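Student: Residue numbers (full-length UniProt numbering): 1 to 174.
We put the beta carbon where it would ideally sit given N, CA and C, even for glycine.
Fair warning: this is a prediction, and the values are worked out from it, not measured in the lab.
Take a look at the following structure, please.
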């Protein structure tokens, strides 16, 4: 992909993405996960969503990559439990061994979201700063809801994508 991985934009002083760009990337990734989980004939669980696995095309549209440890769920495997590899820190804390892939679905994105949001995003002044601050707070709330200690209370990815799109509309209005 022409613009490389998202990792270089987060960890290099040579690149900067504003809040709207970052939110667009979060929406792209959330929509990709919704498609993988609900739009494929056999659901795919990525298992390793992180900035280095998000590639940016020429228009800065995000695309998921590295499906090396992803899982395909068959029709009768809605609650598949499996031994699953993952990047350290991206697996729900309650799992030491067997992992319900359905419960992991909403857990992987928030870790990436936490890397997306930082204080440098708030560069505006006045009313626009307040809107950006509210947007960042809303994004963090979504991420924290996805990390709920109770797997059944985590926000599902379809809802995450919808919430992020609403936040983007609010930010574009300012």
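Could you check which residue in 5, 174 and 157 has the C-alpha nearest to that of residue 34?
Tutor: Counting from 1 along the chain shown, the entry for residue 34 is found at position 34. Nearest option by C-alpha distance: 157.
Student: In whole angstroms, give me the CA-to-CA distance for residue 137 and residue 67.
Tutor: Translated into positions along the chain shown, residue 137 becomes position 137. Translated into positions along the chain shown, residue 67 becomes position 67. Computed Cα separation, rounded: 31 Å.
Student: Taking only runs that begin and end inside the stretch 141 to 174, name each unbroken beta strand (DSSP E) of 3 or more residues, in chain order.
Tutor: You should have found no qualifying run.
Student: Do residue 141 and residue 174 come within 7 Å of each other at the CB atom, strictly closer than that value?
Tutor: Reading the chain shown from its first residue, position 174 is the one you call residue 174. Reading the chain shown from its first residue, position 141 is the one you call residue 141. No.
Student: Between 170, 129, 172 and 9, which lies nearest to residue 52 when the distance is taken from Cα to Cα?
Tutor: Here residue 52 is taken as the residue at index 52 of the chain shown, counted from 1. For residue 52, the nearest C-alpha among the options comes from 9.
Student: Taking contact to mean at least 3 C-beta pairs separated by less than 8 Å, is the stretch 162 to 171 in contact with the stretch 21 to 31?
Tutor: At 8 Å Cβ cutoff, the stretches touch.
Student: Could you round the C-beta distance between residue 19 and residue 171 to whole angstroms and report it? I think they count as a contact, below 8 Å.
Tutor: For this step, residue 19 is matched to residue 19 along the chain shown. For this step, residue 171 is matched to residue 171 along the chain shown. Their Cβ separation, rounded to whole angstroms, is 7 Å, which keeps residue 19 and residue 171 in contact under 8 Å.
Student: Throw me the rounded Cβ distance for the residue 1 and residue 63 pair, which I believe falls under 8 Å.
Tutor: Your numbering for residue 1 matches position 1 in the chain shown. Your numbering for residue 63 matches position 63 in the chain shown. Cβ-Cβ separation between residue 1 and residue 63: approximately 7 Å, consistent with a contact (criterion under 8 Å).
Student: Excluding five sequence neighbours on each side, which residues of the same chain lie with their C-beta closer than 6 Å to the C-beta of residue 177?
Tutor: A question about residue 177 goes unanswered here, because the residues of the chain that appear run from 1 up to 174.
Student: Going by C-alpha to C-alpha distance, which of 128, 57, 160 and 139 sits closest to residue 3?
Tutor: Indexing the chain shown from 1 puts residue 3 at position 3. Scanning 128, 57, 160 and 139 for the CA closest to the CA of residue 3 turns up 57.
Student: Out of curiosity, what's the CA-to-CA distance linking residue 55 and residue 150?
Tutor: If you number the chain shown from 1, residue 55 lands on position 55. If you number the chain shown from 1, residue 150 lands on position 150. Between residue 55 and residue 150, the alpha-carbon positions lie close to 31 Å from each other.
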